[in-house]
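Down below is the structure, laid out as structure tokens.
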Amino acid sequence: MRIKLLTVFLFFIGLNSWAQDRYMVFFTDKIGSPYSVQSPEDFLSERALKRRENQQIEITEQDLPISPVYKQGLKSIGAEVYFSTKWMNGCLVQMDENEAIAVQSLPYVTKVELVAPNAPLSYASEKNEDPLPGSNNLASFQQSMLAIDLMHSYGFYGEGMLIAVFDDGFQNLSQLNAFDHLFLDNRLLYTFDFVNNRVNVENGEDHGTRVLSIIAASEANYTGASPHASFILSVTEAPLEYRIEEYNWLFAAEKADSAGVDIINTSLGYKTGFSDPSMNYADIELDGKTAVITQAANMAASKGILLVNSAGNDGDLVSAPADSPNVLAVGAINADSVLVGFSSRGSNTVGAFKPDVVAQGVGTSLITSTGNYAAQNGTSFSSPLIAGLAAGVWQAYPSKSAEELREMIKLSGNMANTPDNLYGYGIPSFARIIESERGIYSGNEPIYTAFPNPTFDHIQMSFSSEYFGQQLTIQLISGNGSLKKEFLYIPFEARNPLQIDLPDSGLYFIRVMSKSESTTRKIIKY
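Under numbering that gives the first Met the number 0, the residue at position 354 of the sequence shown is numbered 353, and the numbers go up by one with no gaps.
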């Protein structure tokens, strides 16, 4: 896993006029786009629209593809246009210095950012592995720590869920028996290599193969956490370290969103170690909103996607996008449930515990690109365990939003009452989720859920159907105990989530009282 990251600006000094470098070009608006938010079916899949509808997420101008007029304007100057981003309203281009200067002068261009030189790509050698003998499900122990075995016993194997995995390559994927079911059942829906601009994702490295096996593999001696899910696979990680990889992640996330993906697992991160040191991120910039990939992750989360990411293997602050409050950052523990030294911890994200949760990341059983079983180390391999758990939980509770699902997983941790910046909320458990939620089994759901939390501006509240038509008293209380707001509210099914604006940054409490009970939750505003 590579760690990298900062918003780098364009410098022309020292560039040769003939050099073809790669840049991100950003636009002022989307004038000239043939699409409209009134007809989202023209640019979003039915599944993507359904996900938004289920979570009451509005289609906005951010969802519109970029202006083809602006794109053609770049081409007319001589720039070679590759991928575009509708969320950040820009595109990746390759051009020389003179073309870059001309592009910067266009009236509809706001910024030109150098993201990578036109350096040749080469692949690293195979990583070492500790082989394991064949036996009954080799993944059983690491899964049992999360009660995934119980999840399977209830029949939840991720069926109906769509998971995207972004990594450095999925070598020999189509040649391995462990993934035959994905091809036979047509559950490998889309593949693309954004590094080399090709559909084939098997010609690179095999880190992605190993990560995917933890979620998706299915054969006699190994069953992944959610092998009945469907998958999208994207290569976003290149051997050389430049900002372009963060934009590759953005392009992949937008493609996955348009396809209707539910969960994105990313077993990589960015902080320092860029080939261009000016692109490195300072610790203060790991604040949940600054790094390019973190901004992209926050946008993806706003579309109703659950994001699961490895915390990092540096032993210090988590890398981006794991610093985002909207990302489930996953640390690594050993088989004795003890945090390992390399597992990254802490961030400069106000009010957030990082990692959010932990899972086995030492001696994690997986399948390599040669088809061998191996035990390997890294938060790269604890993250897909949580992604697989999340798919099964969402299958069990399909009415939950991504925000609610993330909170369910965190609050099922064995340290949910005493979270910290080492273990986060601890080891999550499907058993504790059943016990606390009881939504599809027995008992009652909580009065309400509040999300996003932490937030940058406001929160939204959705209410359990049990309280539809009941008069509730809602109080907003500041961190020092003063009452900021109080009002009566009657929830019912047709209503959108209740939005409450928070006046200033800091700690708040939301208290909701019915005739029979009262529930108070802590809220953080940045």
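Even for Gly, the Cβ is constructed at its ideal location relative to N, Cα and C. All values reported here derive from a predicted model rather than from experimental measurement.
Less than 8 Å separating the beta-carbons of residue i and residue j?
{"i": "residue 290", "j": "residue 319", "result": "yes"}
{"i": "residue 267", "j": "residue 86", "result": "no"}
{"i": "residue 145", "j": "residue 332", "result": "no"}
{"i": "residue 292", "j": "residue 329", "result": "no"}
{"i": "residue 117", "j": "residue 54", "result": "no"}
{"i": "residue 22", "j": "residue 114", "result": "yes"}
{"i": "residue 364", "j": "residue 374", "result": "yes"}
{"i": "residue 93", "j": "residue 107", "result": "no"}
{"i": "residue 477", "j": "residue 447", "result": "no"}
{"i": "residue 188", "j": "residue 101", "result": "no"}
{"i": "residue 435", "j": "residue 398", "result": "no"}
{"i": "residue 498", "j": "residue 457", "result": "yes"}
{"i": "residue 325", "j": "residue 358", "result": "no"}
{"i": "residue 466", "j": "residue 400", "result": "no"}
{"i": "residue 147", "j": "residue 327", "result": "no"}
{"i": "residue 343", "j": "residue 312", "result": "yes"}
{"i": "residue 240", "j": "residue 272", "result": "yes"}
{"i": "residue 356", "j": "residue 409", "result": "yes"}
Let's see if you can read the secondary structure: which residues bound the beta strand (DSSP E) around residue i?
{"i": "residue 410", "result": "Run containing residue 410: none in the beta strand (DSSP E); it sits in the alpha helix (DSSP H), 401-410."}
{"i": "residue 358", "result": "356-359"}
{"i": "residue 508", "result": "505-512"}
{"i": "residue 84", "result": "79-84"}
{"i": "residue 384", "result": "First-last for residue 384: 378-395, but that is the alpha helix (DSSP H), not the beta strand (DSSP E)."}
{"i": "residue 21", "result": "20-26"}
{"i": "residue 74", "result": "Looking at the DSSP string, residue 74 is not in any beta strand (DSSP E); the run it does join, the alpha helix (DSSP H), is 67-76."}
{"i": "residue 499", "result": "497-500"}
{"i": "residue 186", "result": "Taken as a continuous stretch (DSSP letters only), residue 186 belongs to no beta strand (DSSP E), as it is neither H nor E."}
{"i": "residue 92", "result": "89-94"}
{"i": "residue 483", "result": "482-488"}
{"i": "residue 137", "result": "Per DSSP, residue 137 belongs to no beta strand (DSSP E) and is neither H nor E."}
{"i": "residue 414", "result": "Looking at the DSSP string, residue 414 is not in any beta strand (DSSP E), and its letter there is neither H nor E."}
Roughly how many angstroms separate the alpha carbons of residue i and residue j, rounded to a whole number?
{"i": "residue 260", "j": "residue 299", "result": "10 Å"}
{"i": "residue 509", "j": "residue 475", "result": "5 Å"}
{"i": "residue 511", "j": "residue 56", "result": "24 Å"}
{"i": "residue 201", "j": "residue 321", "result": "26 Å"}
{"i": "residue 247", "j": "residue 59", "result": "23 Å"}
{"i": "residue 245", "j": "residue 517", "result": "44 Å"}
{"i": "residue 182", "j": "residue 46", "result": "21 Å"}
{"i": "residue 205", "j": "residue 519", "result": "47 Å"}
{"i": "residue 284", "j": "residue 179", "result": "43 Å"}
{"i": "residue 150", "j": "residue 404", "result": "15 Å"}
{"i": "residue 222", "j": "residue 336", "result": "22 Å"}
{"i": "residue 452", "j": "residue 490", "result": "21 Å"}
{"i": "residue 62", "j": "residue 317", "result": "29 Å"}
{"i": "residue 524", "j": "residue 470", "result": "27 Å"}
{"i": "residue 521", "j": "residue 66", "result": "42 Å"}
{"i": "residue 212", "j": "residue 158", "result": "16 Å"}
{"i": "residue 352", "j": "residue 109", "result": "35 Å"}
{"i": "residue 75", "j": "residue 35", "result": "26 Å"}
{"i": "residue 390", "j": "residue 97", "result": "49 Å"}
{"i": "residue 193", "j": "residue 73", "result": "20 Å"}
{"i": "residue 166", "j": "residue 33", "result": "33 Å"}
{"i": "residue 304", "j": "residue 232", "result": "16 Å"}
{"i": "residue 155", "j": "residue 214", "result": "13 Å"}
{"i": "residue 334", "j": "residue 361", "result": "7 Å"}
{"i": "residue 551", "j": "residue 428", "result": "Since the first and last residues shown for the chain are 0 and 525, residue 551 lies out of range."}
{"i": "residue 175", "j": "residue 184", "result": "15 Å"}
{"i": "residue 515", "j": "residue 402", "result": "26 Å"}
{"i": "residue 235", "j": "residue 483", "result": "46 Å"}
{"i": "residue 122", "j": "residue 198", "result": "Its pLDDT being 33, under 50, residue 122 is placed unreliably by the model, and the measurement read from it follows with that caveat. Each residue's alpha carbon lies about 18 Å from the other."}
{"i": "residue 505", "j": "residue 70", "result": "42 Å"}
{"i": "residue 345", "j": "residue 40", "result": "41 Å"}
To the nearest whole angstrom, what separates the beta carbons of residue i and residue j, a pair I think is in contact under 8 Å?
{"i": "residue 338", "j": "residue 421", "result": "5 Å"}
{"i": "residue 407", "j": "residue 432", "result": "6 Å"}
{"i": "residue 210", "j": "residue 379", "result": "6 Å"}
{"i": "residue 208", "j": "residue 84", "result": "Actually they do not touch by this definition, with Cβ atoms about 27 Å apart."}
{"i": "residue 162", "j": "residue 279", "result": "So it is not a contact: roughly 31 Å between Cβ atoms."}
{"i": "residue 528", "j": "residue 226", "result": "Past the edges of the chain, shown from 0 to 525, lies residue 528, and the structure says nothing about it."}
Where does the unbroken alpha helix (DSSP H) through residue i begin, and where does it stop?
{"i": "residue 194", "result": "Run containing residue 194: none; DSSP gives neither H nor E here."}
{"i": "residue 111", "result": "First-last for residue 111: 108-115, but that is the beta strand (DSSP E), not the alpha helix (DSSP H)."}
{"i": "residue 179", "result": "179-183"}
{"i": "residue 524", "result": "Taken as a continuous stretch (DSSP letters only), residue 524 belongs to no alpha helix (DSSP H), being part of the beta strand (DSSP E) at 517-524."}
{"i": "residue 474", "result": "Element bounds for residue 474: not the alpha helix (DSSP H) but the beta strand (DSSP E), 471-477."}
{"i": "residue 375", "result": "Run containing residue 375: none in the alpha helix (DSSP H); it sits in the beta strand (DSSP E), 372-375."}
{"i": "residue 48", "result": "45-53"}
What do you reckon, is the C-beta of residue i under 7 Å from a heavy atom of the ligand ATP?
{"i": "residue 519", "result": "The ligand ATP is not among the ligands present in this structure, which contains no ligands whatsoever."}
- Task: Any chance you could list the beta strand (DSSP E) runs of at least 3 consecutive residues sitting entirely within the region 201-249, in chain order?
- Result: 229-234
- Item | Within the region 259-306, ranges of the alpha helix (DSSP H) (whole runs, at least 4 residues) | Whole alpha helix (DSSP H) segments, 4+ residues: 291-301.
- Any beta strand (DSSP E) of 3 or more consecutive residues that is wholly inside the region 304-340: 305-309, 326-332
- Write down every uninterrupted run of the beta strand (DSSP E) in the region 140-177 whose length is 3 residues or greater and which is fully enclosed by it, in chain order. 161-166
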